[in-house]
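Visitor: Sharing a structure below in structure tokens format, with a few things to ask.
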């Protein structure tokens, strides 16, 4: 067990934290900001207005690139990076959900390195990135608190993560009010994503006392809210989810995620299932398999006890919230597993998943008996 | 409640972590190290040998300054800073207990700024510091995880803290084995110091979710060990105490400490009571007064419950471990309180201590009835 800490992101949180962060932004010494967002979330949440109002007050010029879509394509970030360079911007401000924040990190890399898209995975060719400010408008990704940028590759059917020490945001501004207008389904899906980060980080053999504290804190707060199966979310609940998501994001910055993540990517890319639901549907199997190992069982028993739940109760809650009822043919299953067979997360828990078991889990969950 | 995180120190922990940290040290890009230690701890613990062996392997030159004493005088650090500058060292490596680590931060400031001793408290005159590596050989100070350098002023009867964003160590290397040889009294005193950090940080109005997680983790682990009133400490217990101390040091980096700290300084400076004991003797009063406030009571009840203890049990444990049986005259009491009357910590808990109460607490604890 280690208490290793290496966490270069400064996190500032609370209602109206963006408008109060002028001095912190000025301290970054940038002249012109490149704002990276999707079409709607940054605007609807009020975050984009808060940011641009502040930049005007600070006398800082900015450009807006609002073309980031769900499961952000690497090529779009590559294009944005070129524009950012052409416009002489020297600071990236990502505003939005996981897609916009992840994309903003890739943009920061492409802006600082005039390289081909796939070179962004090559440490020899990526020598740094523009400084990044991350402003989440959902409570799930935790992207504001880690260095990961999950990109959809040009084939359109695979995801791959860019991560460097320099893709940690310099500053994360977490204002729970940006999540107030999110609907029930979206809120639950993003909360399930954050929960997946928490439990998968907690069980990782790479966990540290730092990451475990964050993972446990996040998991406890999320389950307290989800187990009530709420139809609406109070401001207090929104705040808890926002901070839990951020903490879980910091936890996976240490450990990475476990196998529910790649297993879920196929359902998202091929079947349009939101990322959080797509992970959650695999958590029951993930828990059951890890309970078969000595180390996993010991850790999970602490986890259940802290959360005031049991294996059965937690697995049922997650499965029912994921609410995915597919029946795939064997061909469809093979296609989905082949897509994610080579991900790196399968050994990131006490139970190491074999190739065969990937198919078996898909069959078990998605075949009508 | 905020989840604010701003923690610039990279912490690496574990047995033999120093000898494994060559790459991290190289990355700092320094040419010549200035090692700051006391006369004995760094040598007896084996830490100094580990460091110099590694530096030889890395081909990095070094100088050793081993004149740091308990309650380190500002003037000694000032002198060391001058020597460091003259020897053209560009990296400070502090090895030891709180005194050596705190002093190493002051040396880093004086080495980078050719200033008078008291100018080290003037932000206008301190423009930076050499990079610092902190290697604790005790489990109590937590100095490796924060920016504080508590210095004894030239009068010899007052302490004052240097702290700047640039006095956080760049790297902390926490190897529990350096604490194996510490005797029982020293181990308990330093553990009490770490516990004081934990509880005083937890109750601070400046606490964040980050600092509270660390404070609770530290307090729980320390009390689990201390409540057994052990005569010897297993390697597992040493590891727990080392990480708890580091976590509590990170917690106070956010919040600062509460009033037991200044109250204890007088007992240390005038009566030679070890710092941890000197704080612990005031914790019972600190807890009782904070239980009188709504906010303090709510927080402390969570604290007691997590630690599996009660107000009475915890206060009795701390008082008996502190084991201080003084009887002061009114004149002596006035001298001790006057010395620390203007410290900044009295408002750093839900209960704000008045001037009169400082004398009253001293009278209550240190007058034979």
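Residue numbers (the numbering used here), protein chains in the order written: chain U, 853 to 1221; chain P, 853 to 1221. Using N, Cα and C, we set each Cβ at its ideal position, and we do this for glycine too.
1) Go ahead and pull the three-state DSSP assignment for residue 1153/U.
2) Under 8 Å, Cβ to Cβ, is there at least one residue of chain P near residue 1075/U?
3) Judging by CA-CA distance, which residue of 919/P, 903/P, 922/P, 920/P is the nearest neighbour of residue 913/P?
4) What ranges does the alpha helix (DSSP H) occupy inside the stretch 854-920 of chain U, keeping only unbroken runs of at least 4 residues that lie completely in it?
5) Out of 926/U, 1088/U, 1173/U, 1195/U, which has the shortest C-alpha to C-alpha gap to residue 971/U?
6) At 4 residues or longer, what runs of the alpha helix (DSSP H) sit wholly inside the stretch 1163-1190 of chain P?
7) Please report the straight-line C-alpha distance between residue 1044/P and residue 1147/U, rounded to a whole angstrom.
8) Say whether chain P places a C-beta atom closer than 8 Å to the C-beta of residue 865/U.
9) Around the C-beta of residue 1199/U, are 16 or more other C-beta atoms found within 10 angstroms, so that it is buried, or is it exposed?
10) Just mark residue 1196/U as buried or exposed, buried being the case when its beta carbon has 16 or more other beta carbons within 10 Å.
11) Leaving out five residues on either side along the sequence, give the residues of the same chain with a beta carbon under 6 Å from the beta carbon of residue 1126/U.
12) Would you verify that the beta carbon of residue 987/U is, or is not, closer than 8 Å to some beta carbon of chain P?
13) Taking the alpha-carbon of residue 1173/U as reference, which of 1201/U, 1154/U, 1047/U has the nearest alpha-carbon?
14) For residue 814/P, count neighbouring C-beta atoms within 10 Å of its own C-beta (all shown protein chains included) and say buried if the count is 16 or more, exposed if not.
15) Can you check whether the C-beta of residue 984/P is within less than 8 Å of a C-beta belonging to chain U?
16) Ends of the beta strand (DSSP E) at residue 1125/P?
17) With a threshold of 8 Å on Cβ separation, who are the neighbours of residue 909/P within its own chain once the five nearest residues in sequence on each side are excluded?
18) Run through DSSP, which three-state label would residue 1000/P get?
19) Out of 1163/P, 1130/P, 891/P, which one is the CA nearest neighbour of residue 921/P?
20) Going by DSSP, name the residue or residues bridged to residue 986/P.
21) Residue 1139/P to residue 1202/P, Cα distance in whole Å?
22) Since residue 894/P contacts residue 994/P with CB under 8 Å, what's their CB separation in whole angstroms?
23) Closer than 7 Å, Cβ to Cβ, to anything on chain U: give me those residues from the stretch 992-1025 of chain P, in chain order.
24) Assuming residue 1031/U contacts residue 991/U (C-beta within less than 8 Å), just tell me the rounded distance between them.
25) According to the Cβ coordinates, are residue 1051/U and residue 859/P closer than 8 Å?
26) Is there a C-beta anywhere in chain U that falls below 8 Å from the one on residue 858/P?
27) Can you give the beta carbon distance from residue 986/P to residue 996/P, rounded, assuming they're within the 8 Å contact cut?
28) With DSSP run on the structure shown, which of helix, strand or coil describes residue 975/U?
29) Quick one: residues in its chain with C-beta nearer than 7 Å to the C-beta of residue 1136/U, no 5 flanking neighbours on either side, listed in chain order?
30) For the stretch 933-940 of chain U and the stretch 962-977 of chain U, state whether three or more C-beta atom pairs, one from each stretch, are separated by less than 8 Å.
31) Give a yes or no on whether the minimum CB-CB distance between residue 1054/P and chain U is below 8 Å.
32) Determine whether the Cβ of residue 1119/U lies closer than 8 Å to any Cβ atom of chain P.
33) So, is the C-beta of residue 1032/U closer than 8 Å to a C-beta in chain P?
34) Buried or exposed: where does residue 984/U fall if 16 or more other Cβ atoms within 10 Å of its Cβ makes it buried?
35) As a quick exercise: from 1165/U, 1096/U, 1066/U, pick the residue whose alpha carbon is nearest that of residue 1107/U.
36) With a threshold of 8 Å between beta carbons, is residue 1095/U in contact with chain P?
Guide: In terms of the structure at hand:
1) helix
2) no
3) 903/P
4) 874-879, 893-896, 899-910
5) 926/U
6) 1163-1174
7) 32 Å
8) yes
9) exposed
10) exposed
11) 1041
12) no
13) 1047/U
14) The displayed coordinates of chain P run from 853 to 1221. Any statement about residue 814/P would go beyond what the structure contains.
15) no
16) First-last for residue 1125/P: undefined, no H or E at that position.
17) 874
18) strand
19) 891/P
20) 946/P, 1024/P
21) 10 Å
22) That belief does not hold up - the Cβ atoms of residue 894/P and residue 994/P are roughly 18 Å apart, past 8 Å.
23) none
24) 5 Å
25) no
26) yes
27) 4 Å
28) coil
29) 1167, 1170, 1171
30) yes
31) no
32) no
33) no
34) buried
35) 1066/U
36) yes
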